[in-house]
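Chemist:
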Amino acid sequence: MSKAIILLGGPNNAQGELSEIVKSRCQTAFEYHLNYPELKILCTGGFGAHFNVTEHAHADYVIAHLKVLGVPDTQFFPIAESRFTLEDALLAKPILKQAAISEVVLITSSFHMKRAKYIFNRLCPELLLECVEAPTPVCEHELVKLLAHEAKALQREAKNIDMLLADIETKIQ
Numbered sequence: 005m006s007k008a009i010i011l012l013g014g015p016n017n018a019q020g021e022l023s024e025i026v027k028s029r030c031q032t033a034f035e036y037h038l039n040y041p042e043l044k045i046l047c048t049g050g051f052g053a054h055f056n057v058t059e060h061a062h063a064d065y066v067i068a069h070l071k072v073l074g075v076p077d078t079q080f081f082p083i084a085e086s087r088f089t090l091e092d093a094l095l096a097k098p099i100l101k102q103a104a105i106s107e108v109v110l111i112t113s114s115f116h117m118k119r120a121k122y123i124f125n126r127l128c129p130e131l132l133l134e135c136v137e138a139p140t141p142v143c144e145h146e147l148v149k150l151l152a153h154e155a156k157a158l159q160r161e162a163k164n165i166d167m168l169l170a171d172i173e174t175k176i177q
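For the sequence shown, our numbering puts the final residue at 177, and the numbers step up evenly by one.
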């Protein structure tokens, strides 16, 4: 069974500096890497007005940060230039399939894990998921806002996935 790490992205500023949330995810991925250095890492994140308006994909900044922490160049898959969590799963799937990956360590923030796990389980049911939550370095007030956003986003994504899978099923028939 081949195993890999998927590190989900998040915001960076206009200069490419990673948010504290993303740095926490990177630190968690790095610590996991120290215990399992043979596992390659798939970083997600492309471009979008709400998280990255620079000339470089968000995942490129994540990889640069992980390299500074000590992850070697050889341990990265090609990036998934996604704009949101559902796209993380859709774009990661062919990369993982090509590498014959059947087990994934999904790393994201604790506030985001419920939705990310739901999406990956629905869109990538062939993958065995191990979920590793990164700490969410925000104040209580901000965490409440993030959790409220996640609850709404999970409802939206459930509907989107149902429609997507129904559309695929229709095309197969």
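We put the CB at the ideal spot given by N, CA and C, even for glycine.
For Met167, does the count of other Cβ atoms within 10 angstroms reach 16, so buried, or fall short, so exposed?
Modeler: Exposed, since its Cβ has fewer than 16 Cβ neighbours within 10 Å.
Chemist: Taking 7 Å as the limit between beta carbons, can you name the residues of its chain near Ala33, skipping five residues before and five after?
Modeler: The residues are Ile9, Leu11, Ile45, Leu70, Ile111.
Chemist: Assuming the contact rule is C-beta atoms closer than 8 Å, Leu131 and Ser106 should be a hit. Round their C-beta distance to whole Å, please.
Modeler: Going by Cβ atoms, the distance from Leu131 to Ser106 rounds to 7 Å, so yes, they are a contact pair.
Chemist: State the CB to CB distance for the pair Leu73 and Ala84, rounded to an integer number of angstroms; the pair is presumed to be in contact (CB under 8 Å).
Modeler: Not quite, the Cβ-Cβ distance comes to about 20 Å (not below 8 Å), so this is no contact.
Chemist: What residue from Tyr122, Glu137, Gln102 has the CA that sits closest to Val109's CA?
Modeler: Nearest option by C-alpha distance: Glu137.
Chemist: Can you give me the start and stop residues for the alpha helix (DSSP H) that Leu22 sits inside?
Modeler: No alpha helix (DSSP H) holds Leu22; DSSP gives it neither H nor E.
Chemist: Can you check whether the CB of Gly13 is closer than 9 Å to the CB of Phe55?
Modeler: Yes, Cβ-Cβ distance for Phe55 and Gly13 is below 9 Å.
Chemist: Between the segment 17 to 27 and the segment 56 to 64, do three or more beta carbon pairs fall short of 8 Å?
Modeler: Yes, the segment 17 to 27 is in contact with the segment 56 to 64.
Chemist: First and last residue of the beta strand (DSSP E) that includes Glu85?
Modeler: Per DSSP, Glu85 belongs to no beta strand (DSSP E) and is neither H nor E.
Chemist: Please state if the CB of Leu38 and the CB of Val66 are separated by a distance shorter than 9 Å.
Modeler: Not in contact: Val66 and Leu38 (Cβ atoms no closer than 9 Å).
Chemist: Are the beta-carbon atoms of Ser28 and Pro139 separated by less than 9 Å?
Modeler: Yes, these two residues count as a Cβ contact at 9 Å.
Chemist: Could you have a look at Asn16 and say whether DSSP puts it in helix, strand or coil?
Modeler: Residue state, collapsed to three classes: strand.
Chemist: Between the Cα of His62 and those of Asp92, Gln177, Glu154, spot the shortest distance and give me the residue it belongs to.
Modeler: When only C-alpha atoms are compared, the closest one is Asp92.
Chemist: Can you tell me whether DSSP reads Cys143 as helix, strand or coil?
Modeler: Coil.
Chemist: Taking just the CA atoms, how far does Ile165 sit from Glu173?
Modeler: Cα to Cα, the separation comes out at about 12 Å.
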